[in-house]
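Visitor: Protein sequence lines, in the order shown, are assigned to chains A and B.
For what it's worth, this note's numbering labels the leading residue of the first sequence as 1, then goes sequentially.
For what it's worth, this note's numbering labels the leading residue of the second sequence as 1, then goes sequentially.
Here a beta-carbon is modelled for each residue, glycine too, at the ideal position from N, C-alpha and C.
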Amino acid sequence: MNQGIETLPVWVSLPVTALLVLGSLIVLIGALGLVRLPNFYQRIHGPAITITLGTGCILIASMVYFTALQSRLVIHELLITAFVFLTAPVVAMLIMRTAVYRDLRAAKRSREPGSDEIYQFPPRKK
Amino acid sequence: MMTLLSLAIDFTLLCTVLAMLLCMVRLLRGPAAQDRVLALDTLWMCAMLLALALGIRFGSLIYFEAAMLIALTGFVSTVALAKFLMRGEVVE
Numbered sequence: 001m002n003q004g005i006e007t008l009p010v011w012v013s014l015p016v017t018a019l020l021v022l023g024s025l026i027v028l029i030g031a032l033g034l035v036r037l038p039n040f041y042q043r044i045h046g047p048a049i050t051i052t053l054g055t056g057c058i059l060i061a062s063m064v065y066f067t068a069l070q071s072r073l074v075i076h077e078l079l080i081t082a083f084v085f086l087t088a089p090v091v092a093m094l095i096m097r098t099a100v101y102r103d104l105r106a107a108k109r110s111r112e113p114g115s116d117e118i119y120q121f122p123p124r125k126k
Numbered sequence: 001m002m003t004l005l006s007l008a009i010d011f012t013l014l015c016t017v018l019a020m021l022l023c024m025v026r027l028l029r030g031p032a033a034q035d036r037v038l039a040l041d042t043l044w045m046c047a048m049l050l051a052l053a054l055g056i057r058f059g060s061l062i063y064f065e066a067a068m069l070i071a072l073t074g075f076v077s078t079v080a081l082a083k084f085l086m087r088g089e090v091v092e
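(1) Measuring straight from C-alpha to C-alpha, what distance separates glutamate 6 of chain A and cysteine 57 of chain A?
(2) Would you kindly check if the distance between the Cβ of threonine 81 of chain A and the Cβ of leucine 53 of chain A is under 7 angstroms?
(3) Would you mind working out which of B:Thr3, B:Leu28, B:Leu49 sits nearest alanine 66 of chain B, comparing C-alpha positions?
(4) Would tryptophan 11 of chain A be called buried (16 or more neighbouring beta carbons within 10 Å of its own) or exposed?
(5) Identify whether histidine 45 of chain A lies in helix, strand or coil by the three-state DSSP scheme.
(6) Evaluate contact between the stretch 9-23 of chain B and the stretch 40-59 of chain B, counting only Cβ atoms and requiring at least three cross-stretch pairs below 8 angstroms.
(7) Secondary structure at glutamate 6 of chain A, three-state DSSP: helix, strand or coil?
(8) Rounded to the nearest angstrom, what separates leucine 63 of chain A and leucine 25 of chain A at their Cα positions?
(9) So what's valine 27 of chain A in DSSP terms, helix, strand or just coil?
Below, the structure is given as C-alpha cells:
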C-alpha cells in the first residue's frame, strides 16, 4: 500500500470511498445481469448501460484521488471517460445489429417462427 | 479513518475480479456467438477498471496508460468480432 493514502484529508477520502464502492457495486450488478438474464436482448443491457455507469463512477473517483494526492489538477482520466462514453453505445449497437441479423437469417433458414430466443419483427398493424 | 479508503479499494478490486469471473462464465457457457462477443467486451471493460483500481491502490499514474491501451484494444477487437459475425469478413 502506498504512503499517500494516510496523508489524504477526510473530506477527500470520503467521496472517493463512496464513489469507489458505488461504482464497484454497479459493475458487479451489471456482470450479474449478464449471467442471470434469460435472453440475449435482455442480457445486453448489463454491459451497455450498467457497466458504463460504474466506469464513470470509478473514473471520477480516480480523478479526485490523484488531484488530491499530487496537489495539482490531474484530469487525464477524462480521456478514458470520453473514449468509453463514445464507444460503449457504438459497441452495443454493433453487437445488437449482429444478433438481429443472425437471428433473422436463422429464422429464414429454419422457417419455424414463434421461438422466444430469436428476434422477429413485430407484427404489422392493419 | 484512512483505513476506510484502503478497505474501499480492496472492495473495488474484489468486485471487479468477481465481475470478470461472471463474464468468464457467460463466455464459456453462452449459447450463441454474440453472447460470447458481449461477454468478451465486458471482460475488456472490467480489465480496464481493474487497472484503474490498481493505479489508485499503488498511487501511481503508470496504470492509466495501461487502462487507456486496454480500452482502445477492447473497442477495436469487439468491433472486428461483431463485423465478422455479421458479414463473415472484417474488411470488405
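Guide: Checking against the coordinates, here is how it stands:
(1) Stepping through the first sequence from its first residue, residue 6 of chain A is reached at position 6. Stepping through the first sequence from its first residue, residue 57 of chain A is reached at position 57. Straight-line Cα distance between these residues: approximately 22 angstroms.
(2) Here residue 53 of chain A is taken as the residue at index 53 of the first sequence, counted from 1. Here residue 81 of chain A is taken as the residue at index 81 of the first sequence, counted from 1. It is not a contact, given that the beta carbons lie outside the stated cut-off.
(3) Numbered from its first residue, the second sequence carries residue 66 of chain B at position 66. Among B:Thr3, B:Leu28, B:Leu49, the Cα nearest to that of alanine 66 of chain B is on B:Leu49.
(4) Residue mapping note: residue 11 of chain A aligns to position 11 of the first sequence, counting from 1. Its Cβ having fewer than 16 others within 10 Å, tryptophan 11 of chain A is exposed.
(5) One-based indexing of the first sequence puts residue 45 of chain A at position 45. Reduced to three states, the DSSP call for histidine 45 of chain A is helix.
(6) yes
(7) Stepping through the first sequence from its first residue, residue 6 of chain A is reached at position 6. DSSP places glutamate 6 of chain A in helix when its eight states are reduced to three.
(8) Mapped onto the first sequence, residue 63 of chain A falls at position 63. Mapped onto the first sequence, residue 25 of chain A falls at position 25. A small correction: the amino acid at residue 63 of chain A is methionine; leucine does not occupy that position in the sequence shown. Looking at the two C-alpha atoms, the distance is approximately 19 angstroms.
(9) Here residue 27 of chain A refers to the residue found at position 27 of the first sequence. The answer is helix: DSSP assigns valine 27 of chain A an H, G or I state.
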